[in-house]
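Peer 1: I'd like to ask you about the structure that follows.
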Amino acid sequence: MRPRYFSKLSTTLGALFAVSLLVAACDDGESTTPDTTAPSVATTVPADADTAVALNGNIAVTFSEEMDPSTISDATFTLKQGADAISGKVTYTGVTASFEPNEVLTAGTVYNGNVAVGAKDLAGNALEAAFAWSFTTGTTLDTEAPTVLSTLPAAAAVNVSSSGSLSAEFSEAMNPTSLSATTFTVTGPGVTAVAGIVTYAGMTVTFEPSADLALDTLFTASIAASAEDLAGNALAVDFSWTFTTSATVTLGPAPVILGLAGDYAILAKSGVDTVPASAVIGNIGVSPIDSTGITGFSLSVDASNEFSTSTQVTGKVRAPDYSPPTPASLTTAVSNMETAYTDAAGRTTPDYTELGAGEIGGLTLAPGLYKWGTGLSISTDVILAGGPNDVWIFQIAGDVTQANGIKVTLSGGALPKNIFWQAFGQVMIGTTAHMEGIVLCQTAVILGTGASVNGRLLAQTSVTLDQSTVTQPAL
26 MRPRYFSKLS
36 TTLGALFAVS
46 LLVAACDDGE
56 STTPDTTAPS
66 VATTVPADAD
76 TAVALNGNIA
86 VTFSEEMDPS
96 TISDATFTLK
106 QGADAISGKV
116 TYTGVTASFE
126 PNEVLTAGTV
136 YNGNVAVGAK
146 DLAGNALEAA
156 FAWSFTTGTT
166 LDTEAPTVLS
176 TLPAAAAVNV
186 SSSGSLSAEF
196 SEAMNPTSLS
206 ATTFTVTGPG
216 VTAVAGIVTY
226 AGMTVTFEPS
236 ADLALDTLFT
246 ASIAASAEDL
256 AGNALAVDFS
266 WTFTTSATVT
276 LGPAPVILGL
286 AGDYAILAKS
296 GVDTVPASAV
306 IGNIGVSPID
316 STGITGFSLS
326 VDASNEFSTS
336 TQVTGKVRAP
346 DYSPPTPASL
356 TTAVSNMETA
366 YTDAAGRTTP
376 DYTELGAGEI
386 GGLTLAPGLY
396 KWGTGLSIST
406 DVILAGGPND
416 VWIFQIAGDV
426 TQANGIKVTL
436 SGGALPKNIF
446 WQAFGQVMIG
456 TTAHMEGIVL
466 CQTAVILGTG
476 ASVNGRLLAQ
486 TSVTLDQSTV
496 TQPAL
């Protein structure tokens, strides 16, 4: 078995009409409010309390935003065994810092990683407090080559947005310095190189074209075999895939990459509870809490012991106390959920800021990036109007409160897979209310009696249902 070094771990006219409605109803533009928000550590590799960690390879942390590279060094990013400092080299790329030990780690030993408050973002904001975590080594080396698990767009996809980014999700954390415009390339039409910027976060590498791609054109994306994991293992072979852009222009930002989190209708870290009978069309997952954190579903464990079933769930219910490969898969899914949240929260240059002073009831919203420095209220019905490739991202600094019986609906062919509600606070969907889209919540998601969601509930604490319906849309 491979050592778990990183818990081995992705209609134009209708929309234009909606834009005209919004222009008349709101003040658009980029916020001039200074950045005073402290950065944080979003994920670590290895994860906190991880065991059986391979003896070779780098240690990595991914931040919630881009950091000042001059503040990321061996003075602010350290590794210790007890009181003894481990010597090594610190590098920083994108939003990820890596620590490369000078020597192979000792087997069966607890190590402690630390990021000091001296680490600052580009605005000069320091971490609010030092970040520390620990892990325990196993007895083996990581010698297995990484692989590409999924891509966006998918291989052979058609009608792809010409304005979006491309990405690939790996089977494990990669060395950020091995992923660049040299190792991740895009060509089309034919062998014409596409200019762009390559970034890496979590386990996902992203290519952001410098300009919109040509319409109705076949493109080829390639990742060179020189891309390496944190243990220095390269891809076994070059990886490439093709896709064809849409013949029409699409609107809005690039979609948020969900990775394995997209396999779930509901994914939560501290529990999922229901008042029966709810209906979940899709999979449910929890981690790091075990299956005791899933209540109200009357679970029946499958003979494989890899998942449970429930009469309230059309899909599988997974928890980390089930048999492999479920624990490792959940660790990856939760990491992908955290990365997706960070991605959505970190998007810049919003099309609309503080729309409706935090009240969007009664509006028809065009595709775009929306930002609020407060909570968001939905007190009357809302329509999201756009095409099947258009994207909406809503950045909310507080709670989302949807009143009882109120509906968020779609028009013009818009799809829930392209709608992202990123909320720092709770998301509360009222009794018999209906929501469309993917909820990326820093805390809890609470559905009232009879509420329904056509989308995904991805919560970094808990999800509560009350005779509710959640339907997982296709990616």
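Throughout the sequence shown, residue numbering follows this note's numbering, covering 26 to 500 in sequence. The C-beta atom is built at its ideal place from N, Cα and C for all residues, glycine as well.
Which of helix, strand or coil does DSSP assign to N184?
Peer 2: The residue given as residue 184 occupies position 159 in the sequence shown. Reduced to three states, the DSSP call for N184 is strand.
Peer 1: Applying the 10 Å Cβ sphere with the 16-neighbour rule, what's the burial state of D241?
Peer 2: By 1-based counting over the sequence shown, the position of residue 241 is 216. So D241 counts as exposed.
Peer 1: Take G386 and list the residues in its own chain whose beta-carbon comes closer than 6 Å to its own, dropping the five residues that flank it on each side.
Peer 2: On the sequence shown, residue 386 is found 361 positions in, with the first residue counted as 1. Result list for G386: I403, S404, T405, in chain order.
Peer 1: Kindly list the residues whose CB is nearer than 8 Å to the CB of S325, restricted to its own chain and excluding five residues on each side of it in sequence; keep chain order.
Peer 2: Translated into the one-based positions of the sequence shown, residue 325 becomes position 300. If we look at S325 and ignore the five residues flanking it on each side, its Cβ neighbours are S333, T334, S335.
Peer 1: Are F102 and A141 closer than 9 Å when you measure CB to CB?
Peer 2: Mapped onto the sequence shown, residue 102 falls at position 77. Mapped onto the sequence shown, residue 141 falls at position 116. Yes, the pair counts as a contact, with Cβ atoms nearer than the cut-off.
Peer 1: Give, in chain order, every unbroken run of the beta strand (DSSP E) that is at least 3 residues long and sits entirely within the segment 352 to 403.
Peer 2: 393 to 397, 401 to 403
Peer 1: Find the nearest neighbour of K396 within the set G423, V407, A410, D415, judged by alpha-carbon distance.
Peer 2: What you label residue 396 is simply residue 371 of the sequence shown in a count that begins at 1. For the residues G423, V407, A410, D415, the minimum Cα distance to K396 belongs to G423.
Peer 1: Would you call T185 buried or exposed, if buried means 16 or more other Cβ atoms sit within 10 Å of its Cβ?
Peer 2: Start at 1 with the first residue of the sequence shown, and residue 185 comes out as number 160. First, the residue type needs correcting, since residue 185 is Val and not Thr in the sequence shown. Buried, by the Cβ-count rule.
Peer 1: What distance in whole Å lies between the Cβ atoms of Q420 and A382, which are believed to be in contact at a cut-off of 8 Å?
Peer 2: Within the sequence shown, the letter at position 357 stands for residue 382. Within the sequence shown, the letter at position 395 stands for residue 420. No, A382 and Q420 are not in contact; Cβ-Cβ is about 15 Å, not under 8 Å.
Peer 1: Below 9 Å between beta carbons: does that hold for N361 and G287?
Peer 2: The residue given as residue 361 occupies position 336 in the sequence shown. The residue given as residue 287 occupies position 262 in the sequence shown. Their beta carbons are under 9 Å apart, which means N361 touches G287 by this criterion.
Peer 1: Would Q447 and Y366 be called neighbours here (beta carbons separated by less than 9 Å)?
Peer 2: What you label residue 447 is simply residue 422 of the sequence shown in a count that begins at 1. What you label residue 366 is simply residue 341 of the sequence shown in a count that begins at 1. Cβ distance < 9 Å, so Q447 and Y366 count as in contact.
Peer 1: So, at 6 Å on beta carbons, what are the nonlocal neighbours of F156 in its own chain, with the 5 sequence-adjacent residues on each side left out?
Peer 2: Within the sequence shown, numbered from 1, the residue matching residue 156 stands at position 131. Excluding positions up to five away in sequence, the list reads V66, V140.
Peer 1: Please name the residue or residues paired with K105 in a DSSP beta bridge.
Peer 2: The residue given as residue 105 occupies position 80 in the sequence shown. Answer by DSSP bridge pairing, in chain order: A110, N137.
Peer 1: From this set, I319, S203, I444, T270, which residue's C-alpha is nearest A182's C-alpha?
Peer 2: Here residue 182 is taken as the residue at index 157 of the sequence shown, counted from 1. Nearest option by C-alpha distance: T270.
Peer 1: From this set, T339, A410, L380, which residue's C-alpha is nearest P498's C-alpha?
Peer 2: Residue mapping note: residue 498 aligns to position 473 of the sequence shown, counting from 1. The shortest C-alpha separation from P498 is found at T339.
Peer 1: Measuring CA to CA, which of D93, K432, Q451, G411 is closest to K145?
Peer 2: Numbered from its first residue, the sequence shown carries residue 145 at position 120. The option with the nearest alpha carbon to K145 is D93.
Peer 1: Grab the span of the beta strand (DSSP E) containing L472 for me, first residue to last.
Peer 2: Here residue 472 refers to the residue found at position 447 when the sequence shown is read from its first residue. In this chain, the beta strand (DSSP E) harbouring L472 covers 470 to 472.
Peer 1: What's the C-alpha gap between T468 and A74?
Peer 2: In the sequence shown, residue 468 corresponds to position 443, counting from 1. In the sequence shown, residue 74 corresponds to position 49, counting from 1. Those two C-alpha atoms are separated by around 22 Å.
Peer 1: By DSSP's criteria, M460 is part of a beta bridge. Which residues make up the other side?
Peer 2: Along the sequence shown, one-based indexing puts residue 460 at 435. In DSSP, M460 forms a bridge with V478.
Peer 1: Check whether the segment 296 to 309 touches the segment 484 to 499, taking contact to mean three or more Cβ pairs, one atom from each stretch, closer than 8 Å.
Peer 2: In short, these stretches touch, since the Cβ pair count reaches three.
Peer 1: Identify the continuous beta strand (DSSP E) that holds F332 and give its terminal residues.
Peer 2: Here the question's residue 332 lines up with position 307 in the sequence shown. Bounds of any beta strand (DSSP E) do not take in F332, whose DSSP letter is neither H nor E.
Peer 1: State the DSSP-derived secondary structure class of D6, mapped to helix, strand or coil.
Peer 2: Since the first and last residues shown for the chain are 26 and 500, residue 6 lies out of range.
Peer 1: Taking 6 Å as the limit between beta carbons, can you name the residues of its chain near A261, skipping five residues before and five after?
Peer 2: Here residue 261 refers to the residue found at position 236 when the sequence shown is read from its first residue. A170, listed in sequence order.
Peer 1: Whole angstroms are fine: how far does the CA of L204 sit from the CA of Y225?
Peer 2: As a working note, residue 225 is residue 200 in the sequence shown. As a working note, residue 204 is residue 179 in the sequence shown. Y225 and L204: Cα-Cα distance of roughly 7 Å.
Peer 1: Kindly identify the DSSP beta-bridge partner or partners of D75.
Peer 2: For the purposes of this step, residue 75 is taken as residue 50 along the sequence shown, with counting starting at 1. F160, per the DSSP bridge assignment.
Peer 1: Who are D491's beta bridge partners in DSSP?
Peer 2: Residue mapping note: residue 491 aligns to position 466 of the sequence shown, counting from 1. According to DSSP, D491 bridges with V300.
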